[in-house]
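Protein chains in written order, with our numbering: chain A, 1407 to 1685; chain B, 89 to 513; chain C, 1308 to 1603.
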Amino acid sequence: MKSKRIIPRSFSGILVFLFLIILVFLIIYPLFWIIISSFKDYQGIYQDVWGLPDEWHFENYTRAWDRGISQYFVNSIIVTIVTLVGVVFVASAASFGIVQLRGKLGNIVFLITMGCMLLSPQVCVLPLFMLLRSLGLNDTYFSMIFPYIAFRLPISIMLIRSFFVGISKELEEAAVIDGASLWTIFSRIYVPLSKPIISTVIIMTVYYAWNEFMFATILVDSSALRTIPVGLMVFRDGLMTEWGVVMAGMVISCIPLIVIYLFMSKSFIRGLTAGSVKG
Amino acid sequence: MKKLILITLVLMLSIIPLFAGGASEGPAEGQTEIYFFHRWPNDPKNSMFNALLEEYMAENPDVYITMDCILNDQYKERIRMVVSSDDVPDVFSSWSGTFAEEMIDSGNVLALNDIYEADPEWSGKIASASVAGFTFDGTIYGIPWSQDGKVFFYNKAIFEELGLEEPETWTEFIALLDTLKANEYETPLAEGLVDQWAVLHYLGTILQRMIDPEVLASDYNPATGEFTDPMYVTALEKWQQLTSYMGEIATAIDHETARNTMFATGESPIMYLQFAEIPQLEQVLPEDFEYGFFNFPAFEEGLGDPEALTGAPEGFMISNKAENIDACVDFLKWLVSPERGAILTRDCGDISSVDGALTDETALPEQAEALKMIQEASFLAPWLDNACDAAVYVVFGQGGQAIASGDATPESVMVQVQEAAASIR
Amino acid sequence: MLTRKRNFGAFLFCVPALLILAVFVYLPLFENIIFSFQSFTLSAKTREFVGLDNYKALFSDPIIMQSLFNNVLYAVISIVMQVGFGLVIAAVLEDVVFRKTESFFRTIFFIPTLLSMTVVCLLFEFVYNPQMGLLNSFLELIGLEEATHIWLGDSSLAMLCVIMVSQWQSYGYITMLFIVAIQKIPSELYEAAIVDGAGKLRRFFSITCPMVRQMFFVTMVTTVVGAFTVFNEPYILTGGGPGTATMVLSLHMYQTGFVKNQMGYASTIAMLIFIITAVLSSIQFFSFGKEREGDR
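Structural data, given as structure tokens:
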């Protein structure tokens, strides 16, 4: 191939290139600005919007962490991990069941799970709120975890099932002849072979649970249980004019997903595009 | 996949120490537990409560107080839910007026007359106007601990320079705003209307001053509210007139921003503020900034009492389901006292409702003056969002915003209010 | 007999999923349908049956019309900006001219997708801030003082400003979906077209567009469903204000239920959202199912 150049040669090519650069700038600059401003104090941000900090307030980060972000961070990690374990286990078991079921039953179960995809979470939030209250689960981690698992199941089952369907039957048949139980077939054959699709599901779920806002804001009241997306709002209301600290909190909250993205951007992109349904 | 497991492991490991450090202690054997629920998760109040509770528990080793708190609107929603259930907190904070009535209607709030009468030395120190906010049909249901009032704060230097005086009537007030505008104060009145409560604070006072008190009381009652009196439109017209002095920017900023970047900088000479905001204001004011305040001016055609002051007292209620009522009462008596009231005013700026809490050492001269205004007011009118049903005040809030941004007329807003009132009647 | 026992065993694997879905998805949906015919408050112990009153109220509620208008505006702009524009950018990036820089652009464009909506909204509060915001400062910097606005405080601009926040966040994601789809197109098709002397535009319209039509369809429905359920952006940025200028269906539902304390009517609004989105998603559901099967 001839074109090894970074900037295209043709006039229209240069125009398009410039346009892309502007797009990059529109995305990068606000993020860059947040990072810079998170080291400023209120006066520094207000009076000199564009400039670098006169004095680097690194303590904004420790203040943000001590003033509540640490608690929200822990909550987010707990909720995300429990949701993750729940989704992976329940979805892969269900997918396995669906694949193993003979007759119409498998299709019925699959349809029941897929039917949930027609439903947006907004529709369920009022009754869920009342339901969780009557179950005594309101204001616990579970008031986030259960709805999260429920609304991640359909897409996860869809992906895992279509992968399970493609697994060659030879190993399974050999195992059946050896008298292996369904559980053995599931845990020794299907799950180990499905690592790629399970990692996709993991990424989708982590992304969803870490960023989910609506359920977390409506279903949870206690400040002690808030996850990062909701906590940041409280954080902003509470800190009033300490913008630098608020922005430090924003930066901290983005770090985990950015780190995962940088480490493994390929599987991350595969994970988020596989469902074509963003959380 | 390996990377993923690794990252998960690292994340899990990283939270273990956090858990270890975060474990909270509960009540020990034989301790009386009090579950205390309030609405101030923010500093400085939160730190103050933590310190006070620690002090109290050190003095009373047989009592253990569990404290939980969430911010304003969520607090309202949550306390409404729990107060009628069996989970009602032993001690909780409440506004006065209709909100208090709603709490009392649950049947779970303890009547306190005996406790007030049994200890006149303690109860005599509590401002009676504030106790009135928690008294219904002669029964006292709450212990007030702070009082507040909303008045126009003004920049003394600018007023002196232009030879202006505190206005007493609406006409004088408008003339004063016009004078300021003519003297290049383009936005003589600072306000941030992004916060709907800021709109509601204004409207509450305007309605109280304008509407016949009996009509207003009947309309604020969800069972009888109609809002058909033609004076309501007049009242909203006054609001519309007022917003023309707030500048276009008012609908794009919040109350704090307006206070810190317009009033404190001298760009706008007047702002409608709560006494409770004095400490935050002091933080951002320049050294030589002097401010005074005056009550909302009287409407010439108004039927409400112009001597009233908007700003309901707040206080605490005790559940009659509490197993340890005596411990709760002892705790509140300790909390609502000159010593702790002084700490409240010194650290948080709220005007304590206990006599003798405000001294030269604990309070600023402005706060002393504020207390005087509260005491001289004919009565304390509740905030609009404590006075009527949410279905109605939300419409007032949205409508007030829309009037300010030029998208609605007083007439159209009142039609919506009437519909909202009809829907809950 | 053995099959039946085995089937029972297999069914046990599905039980946890079915239970969770029944309790946390189907039961709430079912309850919501019942609630929508009732009138009650959050703390109420009894619910009053009011028949079709709530549905009648739906038609005379001016905020519903305002919300629907805003949701539709959201959908239209999102289709043009994300789906239309995203496809073009994806095609441009996949062009051989950008071979060296494609992964750089792609990585950058995808970053906003990683941020939580709260972070993005708080960021845009600083962008739109009328006093020191990035947008107004920038306009002043380049000498366009008259173009400065109070953005979120201006009822005629507020909705557009809110919508732009979503575009900023989601646009890279949709582009990425198209890139994935374009990469699946066999390169022989393009090579043959080049031999035939087809220009870039010609190749875009006669090869790229038809080959990604499935993805086009999927993104279209996803975007539109997203536009009709949007909650976070207006909730965080404006709370529906000024007035009700940025009110959308989900936010109206939330305010009616949890602020105005009219749970029955709020459930009726939820039903409206349900009907709109269920119709749209079922279109996607069936097309998506086909595509998946086609992939195998």
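We put the CB at the ideal spot given by N, CA and C, even for glycine.
Distance, residue j Cα to residue i Cα
i         : j         : result
B:Leu252  : B:Leu264  : 7 Å
B:Ser102  : A:Ser1476 : Because B:Ser102 sits at a pLDDT of 49, beneath the cut-off of 50, its placement in the model cannot be relied upon, and the following sentence gives the value as read from the coordinates. Each residue's alpha carbon lies about 12 Å from the other.
B:Ile246  : B:Pro401  : 32 Å
C:Ala1317 : A:Leu1588 : 7 Å
B:Glu302  : B:Thr312  : 12 Å
A:Ile1604 : A:Ile1664 : 20 Å
A:Leu1631 : B:Phe241  : 39 Å
C:Thr1425 : B:Tyr144  : 39 Å
B:Pro132  : B:Phe180  : 19 Å
A:Pro1635 : C:Ser1423 : 7 Å
C:Asn1436 : A:Gly1521 : 43 Å
A:Thr1606 : A:Asp1584 : 32 Å
B:Glu507  : C:Ser1463 : 25 Å
B:Ala538  : B:Leu397  : Past the edges of chain B, shown from 89 to 513, lies residue 538 of chain B, and the structure says nothing about it.
C:Gly1571 : B:Val480  : 17 Å
B:Ser112  : C:Lys1363 : With a pLDDT of 44 at B:Ser112, under the threshold of 50, the predicted position of this residue should be treated as unreliable, though the coordinate-derived value follows. Cα to Cα, the separation comes out at about 52 Å.
Own chain partners of residue i with C-beta closer than 8 Å, once the 5 adjacent residues on each side are dropped
i         : result
C:Phe1412 : Leu1400, Phe1405
B:Ile366  : Gly437, Leu452, Glu454, Gln455, Ala458
C:Tyr1608 : Chain C is shown from 1308 up to 1603; residue 1608 of chain C falls before or after that span and cannot be answered.
B:Asp150  : Gly118, Gln119, Thr120
B:Thr386  : Here the sequence assigns Ala to residue 386 of chain B, which means Thr is not the residue at that position. Result list for B:Ala386: Glu256, Thr257, Trp258, Arg297, Pro394, in chain order.
Cβ separation of residue i and residue j, assumed to be a contact under 8 Å, to the nearest whole Å
i         : j         : result
B:Glu256  : B:Phe224  : Not really, about 33 Å apart at Cβ, beyond 8 Å.
B:Ser283  : B:Ile299  : Correcting the residue type first, residue 283 of chain B is Asp in the shown sequence and not Ser. At roughly 24 Å, the Cβ-Cβ gap does not stay under 8 Å, so B:Asp283 and B:Ile299 are not in contact.
A:Ser1498 : A:Ile1566 : 5 Å
B:Thr124  : B:Pro177  : First, the residue type needs correcting, since residue 124 of chain B is Phe and not Thr in the sequence shown. With a Cβ gap of about 7 Å, B:Phe124 and B:Pro177 count as contacting.
C:Leu1334 : A:Leu1537 : 7 Å
C:Leu1544 : C:Phe1431 : 7 Å
B:Ile341  : C:Gln1389 : Not confirmed; about 31 Å, so no contact.
Extent of the continuous beta strand (DSSP E) to which residue i belongs
i         : result
A:Gly1474 : No beta strand (DSSP E) holds A:Gly1474; DSSP gives it neither H nor E.
B:Asn130  : Here B:Asn130 belongs to no beta strand (DSSP E), and DSSP marks it neither H nor E.
B:Pro232  : 231-235
B:Cys157  : 151-157
B:Met359  : 358-362
B:Met405  : 402-406
B:Val179  : 179-183
B:Phe382  : 379-382
Boundaries (first-last residue) of the alpha helix (DSSP H) holding residue i
i         : result
B:His343  : 343-346
A:Gly1552 : As written in the sequence, residue 1552 of chain A is Phe, which differs from the Gly given in the question. Its alpha helix (DSSP H) spans residues 1548-1571.
C:Phe1376 : 1369-1385
B:Tyr273  : From DSSP, B:Tyr273 is part of no alpha helix (DSSP H); its letter is neither H nor E.
B:Phe240  : Careful: B:Phe240 lies outside any alpha helix (DSSP H), inside the beta strand (DSSP E) at 238-243.
A:Trp1443 : Residue identity check: residue 1443 of chain A is Ser in the sequence provided, not Trp. 1417-1443 is the span of the alpha helix (DSSP H), which, as asked, contains A:Ser1443.
Close Cβ partners of residue i (< 6 Å) along its chain, the five nearest in sequence each way excluded
i         : result
A:Phe1557 : Pro1527
B:Leu200  : Ile228
A:Arg1539 : none
B:Gly110  : Annotation note: pLDDT 36 at B:Gly110 (below 50); position unreliable, coordinate value reported separately. Result list for B:Gly110: empty, nothing under 6 Å.
C:Arg1603 : Reliability fails at C:Arg1603, whose pLDDT of 32 lies under 50, so the model's placement of it is uncertain and the value that follows must be treated cautiously. Excluding sequence neighbours, C:Arg1603 sits near nothing in its chain.
C:Leu1508 : none
A:Ser1600 : Phe1569
Cutoff 7 Å; reference residue i; Cβ partners in own chain excluding five residues on either side
i         : result
B:Phe484  : Leu288, Leu291, Leu472, Val505
C:Asn1568 : Thr1348, Leu1349
C:Phe1581 : none
Would you be able to state if there are at least three C-beta pairs under 8 Å between the stretch 1543-1559 of chain C and the stretch 1452-1469 of chain C?
-> They touch, by the three-pair rule.
Taking 8 Å as the threshold, find out whether the stretch 1511-1530 of chain C comes into contact with the stretch 464-473 of chain B through three or more Cβ pairs.
-> Touching, no, given that fewer than three Cβ pairs across the two stretches are closer than 8 Å.
Contact between the stretch 489-502 of chain B and the stretch 1482-1502 of chain A: three or more CB pairs below 8 Å?
-> Under the three-pair Cβ rule at 8 Å, the stretch 489-502 of chain B does not count as touching the stretch 1482-1502 of chain A.
Any contact of the stretch 1381-1392 of chain C with the stretch 1531-1541 of chain C, i.e. 3+ C-beta pairs under 8 Å?
-> As far as the Cβ criterion goes, the stretch 1381-1392 of chain C touches the stretch 1531-1541 of chain C, which means the pair count is three or higher.
Spell out a yes or no on whether the stretch 1439-1449 of chain C and the stretch 1449-1468 of chain A are touching, meaning 3 or more CB-CB pairs, one atom from each, closer than 8 Å.
-> With the cut-off at 8 Å, the stretch 1439-1449 of chain C and the stretch 1449-1468 of chain A touch.
Counting pairs of beta carbons, one from the stretch 1648-1667 of chain A and one from the stretch 1430-1444 of chain A, are three or more of them closer than 8 Å?
-> Under the 8 Å Cβ criterion, the stretch 1648-1667 of chain A counts as touching the stretch 1430-1444 of chain A, having at least three qualifying pairs.
Would you check if there are 3 or more beta carbon pairs closer than 8 Å linking the stretch 1563-1583 of chain C to the stretch 1334-1346 of chain C?
-> The stretch 1563-1583 of chain C makes contact with the stretch 1334-1346 of chain C, as at least three CB pairs between them are under 8 Å.
Using 8 Å as the threshold, is the stretch 194-211 of chain B in touch with the stretch 371-391 of chain B, meaning 3 or more CB pairs across them?
-> Verdict: no, contact absent.
Take every Cβ of the stretch 341-356 of chain B, pair it with every Cβ of the stretch 271-285 of chain B, and state whether three or more of those distances are shorter than 8 Å.
-> Look at the beta carbons and you see the stretch 341-356 of chain B touching the stretch 271-285 of chain B: at least three pairs across the two are nearer than 8 Å.
The stretch 409-417 of chain B in contact with the stretch 369-377 of chain B per 3-pair CB rule at 8 Å | The answer is no - the stretch 369-377 of chain B does not touch the stretch 409-417 of chain B, with fewer than three Cβ pairs under 8 Å.
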